[in-house]
Amino acid sequence: GKTCFVHLSRSLLFFSPQTFEKLLIANRGEIACRVIKTCKKMGIKTVAIHSDVDANAVHVKMADEAVCVGPAPTSKSYLNMDAIMEVIKKTRAQAVSLNESICCSFISSLSLQASEGVTFIGPDTHAIQAMGDKIESKLLAKNAKVNTIPGFDGVVKDADEAVRIAREIGYPVMIKASAGGGGKGMRIAWDDEETREGFRFSSQEAASSFGDDRLLIEKFIDNPRHIEIQVCIINIIYLVLADKHGNALWLNERECSIQRRNQKVVEEAPSTFLDPETRRAMGEQAVALAKAVKYSSAGTVEFLVDSSKNFYFLEMNTRLQVEHPVTECITGLDLVQEMIRVAKGYPLRHKQADIPINGWAVECRVYAEDPYKSFGLPSIGKLSQYQEPLHVPGVRVDSGIQQGSDISIYYDPMISKLITYGSNRAEALKRMEEALDNYVIRGVAHNISLLREVIIHPRFVKGDISTKFLPEVYPDGFKGHKLTDLERRELLATAASLYVAEQLRSQRFLGTPRIPIAKSKRSSWELSVRLGDGIYPVAVSKDGTSFSVEVDGMKLNVTSEWNLASPLLSVTIDGTQRTIQRLSRNASGDTSIQFLGTVYKLQILTKVAAELSKYMPEKAAEDTSSILRSPMPGAVVAVSVKPGDTVSEGQEICVIEAMKMQNSMIAAKTGKV
Numbered sequence: 001g002k003t004c005f006v007h008l009s010r011s012l013l014f015f016s017p018q019t020f021e022k023l024l025i026a027n028r029g030e031i032a033c034r035v036i037k038t039c040k041k042m043g044i045k046t047v048a049i050h051s052d053v054d055a056n057a058v059h060v061k062m063a064d065e066a067v068c069v070g071p072a073p074t075s076k077s078y079l080n081m082d083a084i085m086e087v088i089k090k091t092r093a094q095a096v097s098l099n100e101s102i103c104c105s106f107i108s109s110l111s112l113q114a115s116e117g118v119t120f121i122g123p124d125t126h127a128i129q130a131m132g133d134k135i136e137s138k139l140l141a142k143n144a145k146v147n148t149i150p151g152f153d154g155v156v157k158d159a160d161e162a163v164r165i166a167r168e169i170g171y172p173v174m175i176k177a178s179a180g181g182g183g184k185g186m187r188i189a190w191d192d193e194e195t196r197e198g199f200r201f202s203s204q205e206a207a208s209s210f211g212d213d214r215l216l217i218e219k220f221i222d223n224p225r226h227i228e229i230q231v232c233i234i235n236i237i238y239l240v241l242a243d244k245h246g247n248a249l250w251l252n253e254r255e256c257s258i259q260r261r262n263q264k265v266v267e268e269a270p271s272t273f274l275d276p277e278t279r280r281a282m283g284e285q286a287v288a289l290a291k292a293v294k295y296s297s298a299g300t301v302e303f304l305v306d307s308s309k310n311f312y313f314l315e316m317n318t319r320l321q322v323e324h325p326v327t328e329c330i331t332g333l334d335l336v337q338e339m340i341r342v343a344k345g346y347p348l349r350h351k352q353a354d355i356p357i358n359g360w361a362v363e364c365r366v367y368a369e370d371p372y373k374s375f376g377l378p379s380i381g382k383l384s385q386y387q388e389p390l391h392v393p394g395v396r397v398d399s400g401i402q403q404g405s406d407i408s409i410y411y412d413p414m415i416s417k418l419i420t421y422g423s424n425r426a427e428a429l430k431r432m433e434e435a436l437d438n439y440v441i442r443g444v445a446h447n448i449s450l451l452r453e454v455i456i457h458p459r460f461v462k463g464d465i466s467t468k469f470l471p472e473v474y475p476d477g478f479k480g481h482k483l484t485d486l487e488r489r490e491l492l493a494t495a496a497s498l499y500v501a502e503q504l505r506s507q508r509f510l511g512t513p514r515i516p517i518a519k520s521k522r523s524s525w526e527l528s529v530r531l532g533d534g535i536y537p538v539a540v541s542k543d544g545t546s547f548s549v550e551v552d553g554m555k556l557n558v559t560s561e562w563n564l565a566s567p568l569l570s571v572t573i574d575g576t577q578r579t580i581q582r583l584s585r586n587a588s589g590d591t592s593i594q595f596l597g598t599v600y601k602l603q604i605l606t607k608v609a610a611e612l613s614k615y616m617p618e619k620a621a622e623d624t625s626s627i628l629r630s631p632m633p634g635a636v637v638a639v640s641v642k643p644g645d646t647v648s649e650g651q652e653i654c655v656i657e658a659m660k661m662q663n664s665m666i667a668a669k670t671g672k673v
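Just so you know, the sequence shown maps onto residues 1 to 673 in the UniProt record's numbering.
Put into structure tokens, the structure is as follows:
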């Protein structure tokens, strides 16, 4: 339990009744790896499917068998139902764990394979269709006496009707894809113009991501918290009997309010906001909805909660969600194992009174994204160096990548789910801070800096959060960690000590001086360090393995083992331990150091070199005012102009699709194409 892995279920793994001999996993990435791990514990052989670009992916290597089902685009591989059906027949898999996007049509096909004994790990077709359709699920929730958000309960036909409905509901409104999820196909509109634009982009994203462009419109709940309740319901005998003879549990809530572009970034369990009465009321409504739809598996009911603790049903996800590890941490259950047992027809082994809240768990979604662009625009590339912080106590990492893996434009840019567990929230957050500092990711941009700033921010620590947290805390966009005077001195002293340690190492060869007749070793250095717009004189003197560094007239003692070959460097500055990473350096004195989560660029020169550097010509910055450059990699799905057109500032030039999200690129000034 201390390392956040399942503990209540572990002792039961060795006594689990027979379930399936072979299971096919129609998914990729971290969730496929997560399912494979539990299957191995349960003695179930696994079959992985993959696209051609994923031939060397981690989930492919972990599985007992692997079959390629098509090229990189998901529609031709991971969502290729016909190809996956062929793999099931070829490998004789008894059960299949699916990507939710194809569940409905897939289960219809699986019903034809009933004579071959193929079982779906998850709820039945009716539940997936009902809950996967936001319009139908909202009507079902109303009938089950579940609180719902005011809005239009039908399909919005066109942009004109969207504007009419939005006016009737009252701005602001949320435009949502009926078959949507993961923040895709969602737009907030504050006026008629934004409603028309939101209808256009949401319908296009919905068609691209889910093959269904239907939209609905709801009142936008301003300043809400995003709370989820994990539920698990089963049939006593077989899935078809679940409607009348099922048991239902709610496995406590998850707090998911830290979001960007309607996608979760930081999650935790339990929530700091809920009291026992509200928790019970939400849990009971979640179970009521699950029973109303005859649900039979693990699923998630999502609510929005306002400042007065009024809560409204948002949606039900008929799958194992990204943030399920925090629920596993505080309850001790292996949710994948429970889903497999339910699919086989076994009853739950626990009652509601058996479900505890033990400790606290926090999950950060580590993405290959640039957090300085709209809180995270996708980055692509190869992971040239990758090291998970598993040596930190209470840390769990769910990932589907390894060193050398490629982050491409075809799939979600998630690198991993980083989870920390503690006896209380303060301990879990402190461990998360340490884990983020010890996470080595090279080759792609990542959002470690943003995650670290969120979890140490006073508002977050106090529990004063909502889905508007990021834009409220960073109204001008995320800029990285703002150094205090003490932290600035610590960074300057550390950088200067690193420079001197490097110089001393370069003077030695196989443990001896390169030139025996060289002068005796230096013991002091006068340096000039540039950080941002400031240039600081720094004096360094060596004392054994420590350095005494003078910055701003103050002396700091810097101690470390100075293992310069390690990607992580533990440094103690006047008794304060810091874990830093030196990401790059060159002969011109330029160096990049990750300090307190943020990467800082410095230039370190000797005093003489600094005096001479003012004579060096500076490279003129490129004039990009006449260029439209995409801020992220992606596919051009529409071009709205042609050569010779005159465009105005703010006019759409083209549309870029990245990770199935569409973004309008606009002109920065008036001119001719």
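Backbone N, C-alpha and C fix where the C-beta goes; we use that ideal spot for every residue, glycine too.
Note that the structure is predicted; figures quoted are calculated from it, not measured.
Gln-603 is a Cβ neighbour of Gly-589, given a cutoff of 8 angstroms. For Ala-610, the enclosing alpha helix (DSSP H) covers residues 607-613. Cβ-Cβ distances below 7 angstroms link Arg-260 to Phe-375, Gly-376, Leu-470 in the same chain, with the five nearest sequence neighbours on each side left out; the list follows chain order.
Excluding sequence positions up to five before and after Arg-452, its CB lies within less than 6 angstroms of the CB of Leu-436, Gly-597, all in the same chain and listed in chain order. Residue pairing by DSSP places His-50 opposite Cys-68 in a beta bridge. Counting only runs of 3+ residues, the beta strand (DSSP E) found wholly inside the UniProt domain "Lipoyl-binding" (619-673) occupies 635-639, 652-658, 661-666, in chain order.
The Cβ-Cβ distance between Val-156 and Leu-215 falls below 8 angstroms. In the structure shown, Gln-387 falls within a strand segment according to DSSP collapsed to helix, strand and coil.
Annotation: the continuous alpha helix (DSSP H) that includes Glu-434 extends over 425-437.
By the CB criterion at 8 angstroms, Ala-127 and Lys-22 fall outside the cutoff. Scanning Pro-413, Leu-390, Ser-548, Val-301 for the CA closest to the CA of Thr-572 turns up Ser-548.
Just so you know, the alpha carbons of Val-392 and Ala-428 end up roughly 12 angstroms apart. Note that the C-beta distance between Gly-185 and Ala-177 is below 8 angstroms. According to the DSSP assignment, Lys-61 belongs to no beta strand (DSSP E) but to the alpha helix (DSSP H) extending over 58-62. Counting C-beta pairs closer than 8 angstroms gives three or more between the region 378-390 and the region 399-417, which meets the contact rule.
Sequence-distant partners of Gly-117 (beyond 5 residues in either direction) whose C-beta falls short of 6 angstroms from its own C-beta, in its chain, are Gln-94. For Trp-525, the beta-bridge partners assigned by DSSP are Val-540. Apart from sequence neighbours up to five positions away, the residues of its chain that approach Asn-424 with a beta-carbon distance below 8 angstroms are Gly-359, Trp-360, ordered along the chain. Beta-bridge analysis with DSSP links Cys-329 to no other residue. Pairing Ser-497 with Val-558, the inter-Cα distance amounts to about 7 angstroms.
Take Gly-422, set aside five residues on each side of it, and the residues of its chain with a beta-carbon closer than 7 angstroms to its own are Gly-359, Trp-360, Gly-394, Ala-428, Arg-431, in chain order. For Val-500, the uninterrupted alpha helix (DSSP H) segment begins and ends at 485-506. Counted as a single uninterrupted DSSP element, the alpha helix (DSSP H) harbouring Arg-452 occupies residues 448-456.
In terms of Cβ geometry, Arg-34 and Val-336 form a close pair [threshold 8 angstroms]. With fewer than 16 neighbouring CB atoms inside 10 Å of its own CB, Tyr-615 falls in the exposed class. The beta carbons of Asn-317 and Pro-389 sit about 29 angstroms from each other, so the pair does not count as a contact at 8 angstroms.
Excluding residues up to 5 positions away in sequence, Tyr-367, Glu-369, Pro-371, Gly-376 lie with their Cβ nearer than 6 angstroms to the Cβ of Asn-447 in the same chain. By DSSP's assignment, Met-174 forms a beta bridge with Ile-188, Glu-218. When beta bridges are read from the DSSP output, Ser-416 appears opposite Val-366, Ser-399.
The residue among Glu-502, Ala-501, Val-362 with its C-alpha nearest the C-alpha of Val-461 is Val-362. Pro-73 places its beta carbon 8 angstroms or farther from that of Tyr-346. With 16 or more neighbouring CB atoms inside 10 Å of its own CB, Leu-569 falls in the buried class.
Pro-71 has its alpha-carbon roughly 37 angstroms from the corresponding atom of Ala-189. Non-local beta-carbon contacts of Gly-443 in its own chain, meaning distances under 6 angstroms to residues more than five positions away in sequence, involve Gly-381, Lys-382, Leu-383, Ser-384 in chain order. If the five residues before and after Cys-39 are omitted, its C-beta is found closer than 7 angstroms to the C-beta atoms of Leu-23, Thr-46, all from its own chain and listed in chain order.
Taking C-beta atoms as the reference points, Ala-635 and Glu-657 count as a pair closer than 8 angstroms.
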